[in-house]
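Data first, discussion second: the structure below is written as structure tokens.
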Amino acid sequence: MSTAAADTREVGPRLRTWRVRRHFSQQDLSDRSSVSTRHLSRVETGRAHPTPEMILHLADCLDVPLRERNRLLLAGGYAPRYQDGGLDGASVAVVMEGLRQLLDAHLPYPALLLDDYWDVIDYNAGVDALLAGCAAELLEPPVNVVRLCLHREGLAPRIGNFDQWASHLLHQITHRAERTHDPRHLALAEEARVHLAGTRPTAPTGSPVLTLELAAADGHPLRFFSTSAQLTAPTDAALEGVRMETFLPADASTRERFVRLSRTTPQRAPAGE
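First residue of the sequence shown: 0, per numbering that gives the first Met the number 0; consecutive thereafter.
Laid out in structure tokens, this is it:
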């Protein structure tokens, strides 16, 4: 057997790895995919070579990230199906411009555009009021929101409900690391655990939503609830993890403060001006 032919047999064990990561038995995957357990077994052991359509079907049932789907296709001897040109590429320029317009549409309240690793891609003018007092090195691009929130020289000392908010962040980070098994996600989850050493997880209160309770630079208390939105059905791997995090006032005092700030804060100039 040639080396090239032998390489294509890697796709079966890789699919099995993803099945195990999802804690699925072969019967579970069979029920989800309508592929017989006998055929799944043959694919996983390399006795049957799956078509690209079968690889993508099983990857979809296993919720495999798009970059990993490309790697599965390559392991099967096929060309990748998903673009991955980066967020500054021409192919995603219109999408990114539309997302930036949404940032400004959320003013006067804070909104951020984040990549899959919680690095800030862009943010609106409302965010500036939250960042005053953070160490300069934490604000050097790329700014990582997880590090900024949990670091003692970042927002951590100003978060009034730090234990609750930190537990919420750690749950999100850990969940994503378990889904992707991306080394960067795993490293970020470990970094978060280091920052939170000695912090006890806190159960949610009776409030309908978890709020971020943050002291402004002048000590004024701010309270927000947040929403997170992702693109529907991205076909470019770079866009898959892009999220918009928006913050809305959880009390009248916070709302009034940001309305006042908006009267003196210039908005972003439209693209092309």
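Beta carbons: idealized from backbone N, C-alpha and C, even for Gly.
- Here Glu212 is buried: its Cβ has 16 or more other Cβ atoms, across all protein chains shown, within 10 Å.
- Approximately 12 Å separates the beta-carbon atoms of Asn143 and Asp115; this is outside 8 Å, ruling out the contact.
- The beta carbon of Leu247 is closer than 8 Å to those of Tyr108, Phe223, Phe224, Ser225 and Thr226 in its chain, skipping five residues each way along the sequence.
- Thr173 and Leu86 have their C-alpha atoms spaced approximately 24 Å apart.
- The Cβ neighbour count for Gly84, taken over all protein chains shown within 10 Å, is under 16; the residue is labelled exposed.
- Excluding the 5 residues flanking it on each side, Leu129 has same chain C-beta neighbours closer than 7 Å at Pro109 and Leu213, in chain order.
- By the C-beta density criterion, Gly125 is buried, having at least 16 other C-beta atoms within 10 angstroms.
- Proximity of the stretch 250 to 264 to the stretch 97 to 105 falls short of the contact definition, fewer than three beta-carbon pairs being nearer than 8 Å.
- Annotated three-state conformation of Ser225 is strand, per DSSP.
- About 6 Å separates the beta carbon of Val145 from that of Leu168, a gap short enough to meet the 8 Å contact definition.
- Around Glu136, the same chain offers no residue with a beta carbon nearer than 7 Å, after the five sequence neighbours per side are excluded.
- The C-beta of Val10 has 16 or more other C-beta atoms within 10 Å across all chains shown, which makes the residue buried.
- For the alpha helix (DSSP H) assignment, the uninterrupted runs of no fewer than 4 residues enclosed by the stretch 34 to 119 are, from N- to C-terminal side, 36 to 43, 51 to 60, 65 to 74 and 92 to 104.
- Taking the C-beta atoms as reference points, Leu71 is found no nearer than 8 Å to Leu28.
- Per DSSP, the continuous beta strand (DSSP E) segment holding Arg242 begins and ends at Arg242 to Pro248.
- For Ala232, the three-state secondary structure derived from DSSP is coil.
- Inter-residue distance for Ala74 and Pro12 is about 10 Å (C-alpha atoms, whole angstroms).
- Taken atom to atom, the span from the alpha-carbon of Ala188 to that of Trp164 is near 15 Å.
- With a cut-off of 8 Å on Cβ pairs, the stretch 76 to 83 is not in contact with the stretch 94 to 102, counting fewer than three such pairs.
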